[in-house]
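Asks:
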Amino acid sequence: NAGVTQTPKFQVLKTGQSMTLQCAQDMNHNSMYWYRQDPGMGLRLIYYSASEGTTDKGEVPNGYNVSRLNKREFSLRLESAAPSQTSVYFCASSKQGTGANVLTFGAGSRLTVL
Amino acid sequence: AQSVTQPDIHITVSEGASLELRCNYSYGATPYLFWYVQSPGQGLQLLLKYFSGDTLVQGIKGFEAEFKRSQSSFNLRKPSVHWSDAAEYFCAVGANDYKLSFGAGTTVTVRA
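Respectively, the protein sequence lines represent chains A and B. Numbered per the working numbering, the first sequence spans residues 373 to 486. Numbered per the working numbering, the second sequence spans residues 13 to 124.
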């Protein structure tokens, strides 16, 4: 099984450009998440989707939008990229959206905004 | 809201030596506790978790962690490190909702 697949792995944008990060999981998980990882700050939750058809804000949602396309896919969109959004983005999934569940992570997408 | 502190940003250890990574959490009830490992250029992989019961939990790759409620700690240990243990380690705490809060991470360097 592939687990959690993210695309693209690397992307360079100019300030003001838009882009979408794609994420798909093949584990029949209900919940999906987008995190960003910055040096010295660990992982911070951007948005999550507890189940198909629902999305909600996490810790750092400003400047991002998400779409839970179906049970498998959860995309993250930057409408107008800013240098502060330079980061490594991780998609994750879990069986259910509670703190007792184990997250399975994708390999990450490294985004640079110039 | 829960929070996690990993006091050590970087630890260097000799191959074959023991390793202990510290983790302190803040949460009003009994939390769900996790340790994840991230190898360079990779996503995070679960090492072990604590939900309830025995406070000493065993994980993969020879790691173990001990939950100490009185100290609000969940320290990770390994008796003898291998060069392949060089990675970044994250402690995380979960509550009865979707949110999993991560510490800032500890980078482990293993010297020959």
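Every residue gets a Cβ at the ideal spot worked out from N, C-alpha and C, and that includes glycine.
In terms of residue numbering, what span does the beta strand (DSSP E) encompassing Arg327(A) cover?
Replies: Since the first residue of chain A shown is 373 and the last is 486, residue 327(A) is not available in this structure.
Asks: Between which residues of its own chain and Gly404(A) is the CB-CB distance below 6 Å, once the five residues before and five after are set aside?
Replies: Position check: residue 404(A) holds Met in this sequence, whereas Gly was assumed. Contacts found: Ser421, Phe446 and Ser465.
Asks: Tell me the DSSP bridge mates of Asn434(A)?
Replies: In the DSSP output, where bridge partners are listed per residue, Asn434(A) has none listed.
Asks: In the DSSP assignment, what are the bridge partners of Asn108(B)?
Replies: Bridge partners of Asn108(B): none, in fact.
Asks: Would you please verify whether the beta carbon of Tyr420(A) is less than 8 Å from any beta carbon of chain B?
Replies: Yes, contact with chain B.
Asks: Starting from Val16(B), follow its DSSP beta bridges and name the residues at the other end.
Replies: Paired residue(s): Tyr37(B).
Asks: Closer than 6 Å by C-beta to Leu33(B): which residues in its own chain qualify, once you throw out the five before and the five after it? Chain order, please.
Replies: These residues qualify, in order along the chain: Leu88, Tyr101 and Thr118.
Asks: Whose C-beta lies closer than 7 Å to the C-beta of Thr17(B) among residues of the same chain, with five residues either side of it excluded?
Replies: Cβ neighbours of Thr17(B) beyond the five flanking positions: Asn36 and Gly115.
Asks: Counting along the chain, where does the beta strand (DSSP E) carrying Asp410(A) start and finish?
Replies: Taken as a continuous stretch (DSSP letters only), the beta strand (DSSP E) holding Asp410(A) covers Ser403 to Asp410.
Asks: Could you tell me the alpha carbon to alpha carbon distance between His401(A) and Cys103(B), rounded to whole angstroms?
Replies: One C-alpha to the other measures close to 23 Å.
Asks: Per DSSP, what are the beta-bridge partners of Ser481(A) in this structure?
Replies: Ser481(A) is bridged to Tyr461(A).
Asks: Could you tell me which of Gly106(B), Ser82(B) and Gly74(B) sits nearest to Ser92(B), measuring between CA atoms?
Replies: Minimum Cα distance to Ser92(B) is reached at Gly74(B).
Asks: On the DSSP bridge assignment, give the partners of Phe46(B) in chain order.
Replies: Lys61(B) and Ala104(B).
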